[in-house]
Amino acid sequence: GAECEPEDPFLLPDMDKAVARIEQALAAGEKITVYGDYDCDGVTATVILYQYLQSMGANAAWYIPERLDEGYGLNCAALDAIRADGTSLLITVDNGISAIEEAAHAADIGLELIITDHHQVGRELPGAVAVVNPHRSDCPCAFRDLCGAGVAFKLVAAMEGDYEMALDAFGALAAIATVGDIVPLTGENRWLVRKGLA
115 GAECEPEDPF
125 LLPDMDKAVA
135 RIEQALAAGE
145 KITVYGDYDC
155 DGVTATVILY
165 QYLQSMGANA
175 AWYIPERLDE
185 GYGLNCAALD
195 AIRADGTSLL
205 ITVDNGISAI
215 EEAAHAADIG
225 LELIITDHHQ
235 VGRELPGAVA
245 VVNPHRSDCP
255 CAFRDLCGAG
265 VAFKLVAAME
275 GDYEMALDAF
285 GALAAIATVG
295 DIVPLTGENR
305 WLVRKGLA
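Note that my numbering gives residue 186 to position 72 of the sequence shown, counting from 1, and the numbers run on in steps of one.
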């Protein structure tokens, strides 16, 4: 398939809300936790966003659920522990789009959520400050087949205002995830893998 340059990351629904809330947390010194997944895509997405937040001087932490004990995605016990540890803003990568009950629990315990995911969207969006997912029905993007790390990569690009820094720092990780998650190697994904391999 043909390669194409990436679109403006702010075309992704709620990207503006996500960036504004992260900037607010950075300015206030809030503790931010990145909540990932244990597969290749989830781990690389976690590293991308966690390292970026650290580079911005954030009070940042990361959490990846235990595959056997916790399974995939958000769970209430983990949210309780993360909140008790002082986190006020939780950002999911590669998960969260189906976590309706868990998002409601997060709100109950005073944990604000930003969800970034690439999995298919159900009938209802979870309650969150922002839900960034290219498969939302209101997404105007021409290219929607990003992996989870691709969405996290676009969040970094949105925070930075361009793709150059994101590529320099995280292009390789985003390329590994794009190949490892077996998303179509067309369009923006082909661009990302070619640049990341270089």
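Every residue, glycine too, gets a C-beta built ideally from N, C-alpha and C.
Values in this document were obtained by computation on a predicted structure and should not be read as measured data.
Notebook entry, point to check: According to the Cβ coordinates, are Val246 and Leu269 closer than 8 Å?
Noted result: yes
Item checked: Cβ pair count under 8 Å reaching 3, the stretch 224–237 against the stretch 193–211 -> yes
Check: So, do the stretch 122–131 and the stretch 151–165 have three or more beta carbon pairs nearer to each other than 8 Å?
Finding: no
Margin query: Pro179 and Ile94 - do their beta-carbons sit closer together than 8 Å?
Written below: Any answer about residue 94 is impossible in this case: the structure gives the chain only from 115 up to 312.
Margin query: In whole angstroms, give me the CA-to-CA distance for Ala139 and Asp130.
Written below: Those two C-alpha atoms are separated by around 14 Å.
Check: Taking Met170 as the reference, which of Arg181, Asp183 and Ala141 has the closest Cα?
Finding: Ala141
Check: To the nearest whole angstrom, what separates the beta carbons of Ala291 and Ala263, a pair I think is in contact under 8 Å?
Finding: 3 Å
Checklist line | Distance cut-off 7 Å: Ala198 Cβ against heavy atoms of the ligand HEM | finding: Ligands displayed in this structure: none; no statement on the ligand HEM is therefore possible.
Next item on the list: Would you mind sorting Ser212 into buried or exposed? The rule is 16 or more other CB atoms within 10 Å of its CB.
Entry: buried
Check: So, using beta-carbon positions, are Lys309 and Leu287 closer together than 8 Å?
Finding: For Lys309 and Leu287, no; Cβs fall outside 8 Å.
Next item on the list: Would you tell me roughly how many angstroms separate the C-alpha atoms of Gly200 and Glu117, rounded to the nearest one?
Entry: 43 Å
Note to self: Which residues does DSSP list as the beta-bridge partners of Glu117?
What the structure shows: Gly301
Notebook entry, point to check: Can you name the start and end residues of the alpha helix (DSSP H) that Val293 belongs to?
Noted result: Glu278 to Gly294
Next item on the list: Give the straight-line distance between the Cα atoms of Glu278 and Ile196, rounded to the nearest whole angstrom.
Entry: Distance between the alpha carbons of Glu278 and Ile196 is about 33 Å.
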